[in-house]
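Trainee: Residue numbers (full-length UniProt numbering): 1 to 317.
Just so it is clear, CB atoms sit at the ideal spot from N, CA and C, and this is done for glycine as well.
Being a predicted model, the structure only gives us computed values, none of them experimental.
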Amino acid sequence: FLNDSSLLVAAGASIALSIPTLNGYVSGSTHMAALGVFNILAFGINVISVSIPGRLDGGKEDAIERQDRQEEVKHTSYQSMSSSNEDENKDIVDRKVNEEYAIVSNVNAARAKQLINPSGWAFAIWAPIYLGETAFVTIGQWISPAVKHLLPQITTPFVAANLFQSLWCASFRPKYHHPTSSPWWQKYISVAMLSGTAYQLSHVHSIVKKDSSSSLWFIPITMHFGWTTVATLLNLNGSVALDCLPDAKEHIIIAVGYASALLATVLGVSITFVKDSPVYGATLAFAFAACADGLKRELKKQTSFDNNNDDVLTKAS
């Protein structure tokens, strides 16, 4: 249903515009059960959206699954073709499959250029985040007095954050990152959706920190806030790198990378100390360590590639 850029933008705008109205209704509500159901539904939509394969951050396993799926589509499509237009339809299917391969390869090339690009092990942080939030919506919001006390205030931003992340899952796909056929702005839809996620989670975090009866149940949400802060900057760097890749504007990629690292540092230090939030600071520190390791690995890879080229040229001469 959301396989269209205009629908994604409209859905994101609808969520943003409905937040004040929803907040006015929810903040004065005494129906705790209804608020709990809202949170479960929004989180459930998020989990389902994240589980759908095909995103650009799917990694090697997802790439293999995508390839197998595409081969299956090709096989099924070939079998269903009539003999009269079989060759023409085969060409169409092959072109679509090869086009997606080209987009993913282009994105991977852009990732190799950007400064903020964490190692794969960093994404393991999603496990404690989602496990913790699962416990929050299924147990914590029903039994914890501290959570129930804040539920009318945090439900709207929590629901909005989960819906924005669901839209990010729909927008962070190859079709919106085509180097020629996709309008340049489409690759920034995912940046907007992820920034909406982080912004709404920041509201939850602020509400929790203002209340003296904060609970350990909120730790995974704080981790989610910290990680999506960095992920938004990572997504932005990737989109900028894609825009700059054809013209090799590496100075822009580097400048955006340094600016993003500086912004993340300022946010991390200020929120950690001003809001007294060591969990947020630790999450950003974890992300920084992963980015440093990712950059180190990429530099080693490029150095190894250059050395191999030198060896080949030496032997050839």
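1) What residue range is occupied by the uninterrupted alpha helix (DSSP H) comprising W121?
2) Measure the CB-CB distance between S171 and T232 and report whether it falls below 9 Å.
3) By Cβ distance, which residues of its chain are closer than 8 Å to S144, with the 5 residues on each side in sequence left out?
4) Nearest to L150 by alpha carbon, out of H205, H178, I189?
5) Do F225 and residue 339 have their beta-carbon atoms positioned less than 9 Å apart in this structure?
6) So, at 8 Å on beta carbons, what are the nonlocal neighbours of L267 in its own chain, with the 5 sequence-adjacent residues on each side left out?
7) Which residues mark the beginning and the end of the alpha helix (DSSP H) in which N23 is found?
8) Let me know the alpha helix (DSSP H) ranges lying completely inside the stretch 185-243, each 4 residues or longer, listed in chain order.
9) For A16 and Q302, I'd like the C-alpha separation in whole angstroms.
10) On a Cα-Cα basis, can you pick out the residue from L167, L8, T138 that is closest to S49?
11) Given I221, which residues of its chain have a CB within under 6 Å of its CB, disregarding the five upstream and five downstream residues?
12) According to the neighbour-count rule (16 or more other Cβ atoms, all chains shown, within 10 Å of its Cβ), is residue 330 buried or exposed?
13) Should Y280 be labelled buried (16 or more other beta-carbon atoms within 10 Å of its own) or exposed?
14) Can you list, in chain order, the residues of its chain with a C-beta nearer than 8 Å to that of residue 322? Leave out the 5 residues immediately preceding and following it.
15) On a CA-only basis, which of A259, A160, C244 is nearest I45? Give me that one, please.
16) Taking the alpha helix (DSSP H) that A153 belongs to, which residues open and close that run?
17) Tell me the rounded alpha-carbon separation between K249 and Q114.
18) Per DSSP, what kind of secondary structure is K60 in: helix, strand or coil?
19) For R297, which of helix, strand or coil comes out of DSSP?
20) Does I125 come out as helix, strand or coil in the three-state DSSP assignment?
21) Is the stretch 31-47 close to the stretch 128-145, with three or more CB pairs under 8 Å?
22) Cα-Cα, which of P118, C291, T21, Y130 is closest to S51?
23) Are there 16 or more other CB atoms within 10 angstroms of the CB of F38, so buried, or fewer, so exposed?
24) Could you tell me the distance, in whole angstroms, from the CA atom of L299 to the CA atom of L22?
25) Would you mind sorting K296 into buried or exposed? The rule is 16 or more other CB atoms within 10 Å of its CB.
26) Which one of W121, H178, I207 has the shortest CA to CA distance from Q153?
27) Helix, strand or coil: which one does DSSP assign to P183?
28) May I have the straight-line CA-CA distance separating I125 from A42, to the nearest angstrom?
29) Below 8 Å CB to CB, which residues in the same chain sit around G36 once its five sequence neighbours on both sides are set aside?
30) Return the CA-CA distance between G132 and S212, expressed in angstroms with no decimal places.
31) Considering only their Cβ atoms, is the gap separating V269 from I253 smaller than 9 Å?
32) Considering only C-alpha positions, which residue in the set H251, S260, A13, M223 is nearest to P128?
33) For A13 and Q186, what's the separation of their Cα atoms in angstroms?
Mentor: Once the coordinates are examined:
1) From DSSP, W121 is part of no alpha helix (DSSP H); its letter is neither H nor E.
2) no
3) S215, W217
4) H205
5) Summary: the structure shown does not reach residue 339, with the chain confined to residues 1 through 317, and so no result is reported for it.
6) T229, L284
7) 5-27
8) 189-210
9) 43 Å
10) L167
11) V204
12) In the structure as shown, the chain starts at 1 and stops at 317, and residue 330 therefore has no counterpart that could be examined.
13) buried
14) Past the boundaries of the shown model lies residue 322; the chain is included only from 1 to 317, so the question cannot be answered.
15) A160
16) Correcting the residue type first, residue 153 is Gln in the shown sequence and not Ala. 145-171 is the span of the alpha helix (DSSP H), which, as asked, contains Q153.
17) 11 Å
18) With a pLDDT of only 47 at K60, under 50, the local geometry of the prediction cannot be trusted, and no value is derived from it.
19) helix
20) helix
21) yes
22) Y130
23) buried
24) 48 Å
25) exposed
26) I207
27) coil
28) 21 Å
29) V137, Q141, W142, L151
30) 21 Å
31) no
32) M223
33) 15 Å
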